[in-house]
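K.L.:
Before I ask anything, let me first share the structure, which is written out below as structure tokens.
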């Protein structure tokens, strides 16, 4: 999928971007440059990259410790249906169930209704497995994440054999002009949002007026006390195992 297929905007001021060269865009309002590096378009300004640096470092440390990496493209292409590593089988079984429901209840009916492939935003895409599975089914998918590493981030895009568009960006500063996506998906990612209200507002801006927003596999608690207790227990466990509570956001 080509980046020109989507309308791009500066994540800082939302001015439509101009493509100066094949590998970079520029904002005509403030001159900011947004390059493509290792196949991933970088729409995270330096000051925002610095803001997220601790979170990204801690997140990647945990993911590596959990064994979520592989040198074999087959590992990533098999997700979520098979965990060829055998290390996170229960997690991937849950993701596979959710993916089946997503296809049956949302993606397939919406595509049938519109009689065309869907334009989909995968927000918090991680290693891009969901984007890949949707792209394999003919949809136009853009994957958005903060992480670009080649073991569990957007850098994995090179291991897939169905193309999607990888963008490094924030939930609340999407580098897109409005009203483009048929479907916006937060797959096991919405709980990372710093502001649920701002994140949903930005997703709504990026979606078409008749678009859909799906939040999947993020915990929801009827009683806020239970949610706070879960966070405290999780932070204590991370502090004991990794030496930090993993609460940079």
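In my numbering, the protein residues as written are 688 to 936.
For glycine and all other residues, C-beta sits at the position ideal for the given N, C-alpha and C.
The model shown is predicted, which means the values in this text are computed figures rather than measured ones.
1) Is the separation between the beta-carbon of residue 867 and that of residue 830 shorter than 8 Å?
2) Put residue 954 into one of helix, strand or coil per three-state DSSP.
3) Report the residue ranges of all alpha helix (DSSP H) runs contained in full by the stretch 690 to 777; include only those spanning at least 4 residues, in chain order.
4) Going by beta carbon distance, what residues of the same chain come within less than 7 Å of residue 641, once the five residues before and after it are set aside?
5) Just the Cα atoms here: how many angstroms apart are residue 769 and residue 702?
6) Count the other C-beta atoms from every protein chain shown that fall within 10 angstroms of the C-beta of residue 907, then say buried if there are 16 or more, exposed otherwise.
7) Among the candidates 842, 891 and 812, whose CA atom is the shortest distance from the CA of residue 869?
8) Go through its chain and collect everything with a Cβ distance to residue 904's Cβ below 8 Å, but skip five positions before and after it.
9) Rounded to whole angstroms, what's the CA-CA distance from residue 806 to residue 707? Just pull it up for me.
10) Residue range of the alpha helix (DSSP H) that residue 892 falls in?
P.N.:
Taking the geometry as given:
1) no
2) For the chain, the structure presents residues 688 to 936; residue 954 sits outside this window and is missing.
3) 733 to 752 and 760 to 765
4) The requested residue 641 does not occur in the structure, where the chain is confined to residues 688 to 936.
5) 42 Å
6) exposed
7) 891
8) 781, 782, 785, 874 and 875
9) 25 Å
10) 883 to 893
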